[in-house]
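From first to last, the protein sequence lines stand for chains U and S. Numbered by this note's numbering, the letters in the first sequence go through residues 187 to 340 in order. Numbered by this note's numbering, the letters in the second sequence go through residues 4 to 205 in order. Only one structure is covered here, and it is reproduced in the block below.
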Amino acid sequence: MSEPDFSDDDVLLAALSEALDHLDPVPTGALRAASTSWEIFHVDAELAGLVTDTSSDGPIVLLREEADLRTLTFVSSRLTVEIEVDGDRRAVGVLSPPAAMAIEVEAASSQGQPLTKTALSDDLGRFWLDLGIGLCRLRIGSGPDAVVTSWFYC
Amino acid sequence: MTRDGPVSYGRTITSGTESLSDLVCQARTGDRNAWNSLIERLKGVVWRVTADAGLAIEDREDVFAVAFFRLFEHLDTIREPEKLPGWLATTARNEVRQLLRRKRRSQPCSEIERREGVDMGGVDEALLDGELRAALQTAFLRLGCPCQELLRLVTAVPALSYEQVSELMGIPRGAIGPTRKRCLERLRQSPELRVFVQGQPR
Numbered sequence: 187m188s189e190p191d192f193s194d195d196d197v198l199l200a201a202l203s204e205a206l207d208h209l210d211p212v213p214t215g216a217l218r219a220a221s222t223s224w225e226i227f228h229v230d231a232e233l234a235g236l237v238t239d240t241s242s243d244g245p246i247v248l249l250r251e252e253a254d255l256r257t258l259t260f261v262s263s264r265l266t267v268e269i270e271v272d273g274d275r276r277a278v279g280v281l282s283p284p285a286a287m288a289i290e291v292e293a294a295s296s297q298g299q300p301l302t303k304t305a306l307s308d309d310l311g312r313f314w315l316d317l318g319i320g321l322c323r324l325r326i327g328s329g330p331d332a333v334v335t336s337w338f339y340c
Numbered sequence: 004m005t006r007d008g009p010v011s012y013g014r015t016i017t018s019g020t021e022s023l024s025d026l027v028c029q030a031r032t033g034d035r036n037a038w039n040s041l042i043e044r045l046k047g048v049v050w051r052v053t054a055d056a057g058l059a060i061e062d063r064e065d066v067f068a069v070a071f072f073r074l075f076e077h078l079d080t081i082r083e084p085e086k087l088p089g090w091l092a093t094t095a096r097n098e099v100r101q102l103l104r105r106k107r108r109s110q111p112c113s114e115i116e117r118r119e120g121v122d123m124g125g126v127d128e129a130l131l132d133g134e135l136r137a138a139l140q141t142a143f144l145r146l147g148c149p150c151q152e153l154l155r156l157v158t159a160v161p162a163l164s165y166e167q168v169s170e171l172m173g174i175p176r177g178a179i180g181p182t183r184k185r186c187l188e189r190l191r192q193s194p195e196l197r198v199f200v201q202g203q204p205r
């Protein structure tokens, strides 16, 4: 292998690009997680997207944030899901229109599973969850009528 | 330098000849291979953006996945696929900031972990020999944080424009070129690389 001419900026940058790919490669698990978004949208569930906010700079954000309490609202064509999460990651949620449904917490990250795996909403659509650390989302209902929320950080 | 090497996560990847625009169209019509190819094509940009905030590797993985989830959610509304690298970089940066707010800390520019040899799925056939690559890596890690961040971004594939790098780093566009030059010069002056630059290998 002949020695590249590092006095040339472009040659040095190309070599550095390769060296950095090897120094800090994208983990296979992250690629797999990114790839799975496909299944959600194409198999069995409707997406309830996280509604944009009024307070923060990102495109995907929290509606309201006070002290250790934050409110997230997800909206699909049939269902709105609002949850309030406190500093200990305890969440109180409500579905509207109100309905008694099975709710499942799914964790995407390697960081730890949620304490609550499943819950049931009551007739007023209210439910309670203990969330874990990292990235998670809620699946509400099952079968062809299921709704899943966008991923969010617990 | 081709960036569409094989991946190791069990999906067929279409070859690297399609444009981003083609891949977006195919993914919209339900072609899962096209979606995986998009991830493969754009992964480098997203991953590099997550490197500078001092996040743990698990958090970086979450940000990486979320950036692609957002892309998936927006697949039908993309008008200019050639701008995707910049859009994804910005999305990933916003997710990093949001995560840092969640964690109520900010530790910009901490050194990334050396993970060479771990999980090398998807990295290309080597163009450099191992010794030279190691020298480059050590020289890079000697650089100060701003230089590391800048060089990570300007060597991302697909390339980010200077406007995008400027926005991501919060420095004026006009400063990118001169800063890049200065950082490269510093890299060349490192003890590890000096021998190679002066044409006296080994």
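For each residue, glycine too, the CB sits at the ideal point set by N, CA and C. This structure is a prediction, so every number in the text was calculated from the model and none was measured.
Between the segment 263-275 of chain U and the segment 25-38 of chain S, the count of Cβ pairs shorter than 8 Å is below three; the stretches do not touch. Taking C-alpha positions only, asparagine 39(S) is separated from alanine 216(U) by approximately 12 Å. The Cβ atoms of valine 237(U) and valine 261(U) lie closer than 7 Å to each other. Rounded to the nearest whole angstrom, the CA to CA distance from phenylalanine 199(S) to glutamate 188(S) is 13 Å.
The beta carbons of arginine 275(U) and leucine 321(U) sit no closer together than 7 Å. For proline 213(U), the number of other beta carbons within 10 angstroms of its own is at least 16, and it is reported as buried. Against chain U, the CB of glutamate 64(S) has a partner CB under 7 Å away; the residue lies at that interface.
Note that the C-beta distance between serine 164(S) and isoleucine 179(S) is not below 7 Å. Interface criterion not met: the Cβ of tryptophan 90(S) is under 7 Å from no Cβ in chain U. Taking C-beta separations shorter than 7 Å and ignoring five residues to either side along the sequence, the partners of threonine 53(S) in its chain run Arg63, Val66, Phe67, Ala95, Val99, following chain order. The C-beta of serine 193(U) comes closer than 7 Å to at least one C-beta of chain S.
In the three-state DSSP reduction, glutamate 292(U) falls in the strand class (E or B). Counting only the Cα atoms, phenylalanine 71(S) lies some 30 Å from leucine 198(U). Counted as a single uninterrupted DSSP element, the alpha helix (DSSP H) harbouring isoleucine 42(S) occupies residues 35-52.
At least one CB atom of chain S sits nearer than 7 Å to the CB of glutamate 204(U). Rounded to whole angstroms, the gap between the alpha carbons of proline 211(U) and valine 49(S) is 12 Å. Interface flag for proline 213(U) against chain S is set, since a Cβ pair is found closer than 7 Å. Assigned with DSSP and collapsed to three states, glutamate 189(U) falls in coil, not helix or strand.
Around the beta carbon of arginine 176(S), fewer than 16 other beta carbons lie within 10 angstroms, which makes this residue exposed. About 5 Å separates the CB atoms of glutamate 195(S) and threonine 141(S); that is less than 8 Å, so the two are in contact. For valine 157(S), the three-state secondary structure derived from DSSP is helix.
For the segment 25-48 of chain S, residues whose beta-carbon sits nearer than 9 Å to a beta-carbon of chain U comprise Ala30, Gly33, Arg35, Trp38, Asn39, Ile42, Glu43, Lys46, Gly47. Spanning the alpha carbons of isoleucine 289(U) and glutamine 29(S) requires a straight line of approximately 33 Å.
CA-to-CA, the gap between phenylalanine 192(U) and leucine 315(U) works out to about 57 Å. For alanine 286(U), no beta strand (DSSP E) segment is defined, and its DSSP state is neither H nor E. Against chain U, a Cβ distance below 8 Å from valine 52(S) picks out nothing, because the smallest value is about 12 Å.
For glycine 311(U), no CB of chain S lies under 7 Å from its own CB, so it is not counted at the interface with that chain. Judged by DSSP in its simplified three-state form, glutamate 204(U) adopts helix. Flagged as an interface residue toward chain U: leucine 131(S), by a C-beta distance shorter than 7 Å. Counting only Cβ-Cβ distances below 9 Å, leucine 315(U) has no contacts in chain S at all, with the closest Cβ about 17 Å away.
Counting the other Cβ atoms within 10 Å of the Cβ of glutamate 43(S) gives 16 or more, which makes it buried. The Cβ neighbour count for glycine 147(S), taken over all protein chains shown within 10 Å, is under 16; the residue is labelled exposed. Runs of the beta strand (DSSP E) lying entirely within the segment 297-330 of chain U, each at least 3 residues long, are 304-306, 312-316, 321-326 in chain order.
CA-to-CA, the gap between proline 284(U) and valine 334(U) works out to about 16 Å. Under the three-state reduction of DSSP output, leucine 58(S) falls in the coil class, being neither helix nor strand. Sequence-ordered contacts of the segment 64-82 of chain S with chain U read Glu64, Asp65, Phe67, Ala68, Val69, Phe71, Phe72, Arg73, Phe75, Glu76 [C-beta pairs closer than 7 Å].
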